[in-house]
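Data first, discussion second: the structure below is written as structure tokens.
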Amino acid sequence: MRFEKSHLAFARAKELMPGGVNSPARAFGGVGGEPIFFDRAEGAHLFDLDGNRYIDFVGSWGPMILGHAHPDVVGALQTAIRRGTSFGAPTLAENELAELIREAMPSIEKVRLVNSGTEATMSAIRLARGYTGRPMIVKFAGNYHGHVDSLLVAAGSSAATLGAPNSPGVTAGTAADTLVLKYNDPQALENAFAVHGDRIAGVIVEPVVGNMGCVVSTAEFREALRRLPRQYGALLIFDEVMTGFRVAYGGAQAIFGVPPDLTTLGKIIGGGLPVGAYGGRAEIMDHILPAGKVFQAGTLSGNPLATAAGIATLKVLRDSNPYPRLEQLSGRLAAGLESAARTAGVAGRVAAIGSMMTLFFSDQPVTDWDVASRCDTRRYARYFWDMIARGIYLPCSQYEALFVSAAHSEADIDATILAAGEVLQEEAAAER
Ligand code: KE4
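Quick note on our numbering: the sequence shown kicks off at 1433 and runs consecutively.
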């Protein structure tokens, strides 16, 4: 494979944008080398500037559950664009997207549309603090909720100590109101509430983590998440930016039967255009301006193009119900990848739910960040590039989930399994 045009584009991009990218996740930092520039996409396939074709398992980090350039989404955008791209005033499309979200997630009585997952989580924790009058937010190591100052916080030295900034520009004062606990550790949450219970405004959690690779919450952890915030008068915030409409049409909350107080959404609800949302019970959401006093605003929130793409996407998901087939294809891929690692004699564990999964190069199941951080990331980097050479585009980090779309075929899945088997065997042979 040749990457000349991507290389030239990246050289220029580095003169124009920090690191040559508009988001660090796509900079290939976790796998080395230079990011590939893409020209177009269709269905389950990406085409880069040099004309190389790939089976795409990133799907723009989650939004493209229908595959790229789905005709219903393209058609909805073509219709919307001729009617004007933004009014800064209410439109019926915002009502329609809000109706679809409410219909899918009964825990959401009212919803506010924003422009990204970060805006959704930032607003949700501000609302939790405004609603409860309390300062503290609990999050979990290995969970990512966007680049919100108070969530860019590393775990404190022990479970009950307060967080420390993990990015320059985040002040100690900001981090001081954030507690970072171990994921899938009910006792740590119990202890935190015992010490800080009357100061905790909310607990924000990925009910299925995509951001340390795919890690599913345990039933015991979910029971503690359901019980403890309610016991102490705090809000449970499910960050379903990635899992919403992904692991099920009703999100992880539908699978687990745990109704959160607030839910944040993004990715799929925009169908590839910038849409985020946060929602919950009306008595909580009505604290948001102008109904209440908690400030949040946005020029392009509920934008006519973005809502058109989101509405089209959710309608296809609701009416065609691709989820059984997505689970069947994903189960086939998960089993195939784990078998490929085992046959090659490589320590590999696959964690999967719905149509998201991760092949962890680890000799034990990955349940939290402590275990995830011990994965063989050098092996992942080699595997990533060897799969690129075979026309398969995987997430450029061991700590991201891959996604199967409704546009993937069984042939795509089988070709990927075959390639993984070849790659892992060749790598194992080279190490002997
Ligand atoms: P955005 O602001 O990137 O739309 O959403 C932030 C966010 C919030 N919550 C969860 C659970 C998320 O996964 C994300 C964003 N996910 C990353 C990939 N894991 C986006 C990729 C990127 O940052 O470029």
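We treat Cβ as the ideally placed atom computed from N, Cα and C, and that holds for glycine.
Between the beta-carbon of A1773 and that of L1791 there is about 7 angstroms, and that keeps the pair under the 8 angstroms contact cut. Rounded to the nearest whole angstrom, the C-alpha separation of L1448 and I1636 is 35 angstroms. Rounded to the nearest angstrom, the Cβ distance from A1744 to V1505 is 5 angstroms, consistent with a contact under 8 angstroms. If only uninterrupted alpha helix (DSSP H) runs of at least 4 residues are considered, none is enclosed by the region 1825-1859. 8 angstroms or more divides the Cβ of V1690 from the Cβ of L1559. In the displayed model, V1585 falls within a strand according to three-state DSSP.
The alpha helix (DSSP H) runs lying completely inside the region 1533-1606 and spanning 4 residues or more are 1549-1564, given in chain order. The ligand KE4 approaches W1493 closely enough that one of its heavy atoms is under 7 angstroms from the residue's Cβ. If you draw a straight line from the Cα of F1653 to the Cα of V1798, it is about 15 angstroms long. With contacts defined as CB atoms closer than 8 angstroms, L1668 and P1692 qualify as a contacting pair.
Taking the C-beta atoms as reference points, A1607 is found nearer than 8 angstroms to A1596. Here the distance from the Cβ of R1678 to the nearest heavy atom of the ligand KE4 is not below 7 angstroms.
Excluding its 5 nearest sequence neighbours in each direction, G1734 has C-beta neighbours in its own chain below 6 angstroms: E1526 and L1545, listed in chain order. It is roughly 8 angstroms from the alpha-carbon of R1444 to the alpha-carbon of G1452. The ligand KE4 has a heavy atom closer than 7 angstroms to the beta-carbon of M1674. Out of R1566, L1834, D1846 and I1820, the CA that lies nearest to the CA of P1495 is found in L1834. Under DSSP, no beta-bridge partner is assigned to H1502. The shortest C-alpha to C-alpha distance from A1457 to any of Q1830, D1751, T1848 and D1581 is the one to Q1830. Shown here, I1487 sits in a strand according to DSSP, grouped into three states. For D1671, the shortest separation between its Cβ and any heavy atom of the ligand KE4 lies below 7 angstroms. Counting C-beta atoms within 10 angstroms of its own C-beta, I1700 has 16 or more neighbours from the protein chains shown and is therefore classed as buried. Just so you know, the alpha carbons of T1675 and G1763 end up roughly 17 angstroms apart. Nearest C-alpha to S1787 among D1482, A1804 and G1491: G1491. Excluding the 5 residues flanking it on each side, I1845 has same chain C-beta neighbours closer than 6 angstroms at L1761, R1764 and L1765, in chain order. Secondary structure of M1496 (DSSP, three-state): coil. Counting only runs that start and end inside the region 1436-1491, the alpha helix (DSSP H) elements of at least 4 residues fall at 1436-1448. Here V1612 is not near F1677, since their CB atoms are 8 angstroms or more apart.
Residue environment analysis places S1455 among the exposed positions, since fewer than 16 neighbouring C-beta atoms fall within 10 angstroms of its C-beta.
In the structure shown, N1643 falls within a strand segment according to DSSP collapsed to helix, strand and coil.
Residue burial annotation: G1507 is exposed, with fewer than 16 other C-beta atoms found within 10 angstroms of its C-beta.
For L1694, DSSP records a beta bridge to I1669 and G1712.
Shown here for E1436: same chain residues with a beta carbon closer than 8 angstroms to its own, the five before and five after excluded, namely D1482 in chain order.
Less than 8 angstroms separates the beta-carbon of Q1685 from that of E1672.
The residues H1719 and V1726, in chain order, have a CB closer than 6 angstroms to that of G1562 in the same chain once the five nearest residues on each side in sequence are set aside.
In the structure shown, L1737 falls within a helical segment according to DSSP collapsed to helix, strand and coil. Closest in alpha carbon position to A1767, among T1731, R1814, A1852 and I1687, is A1852.
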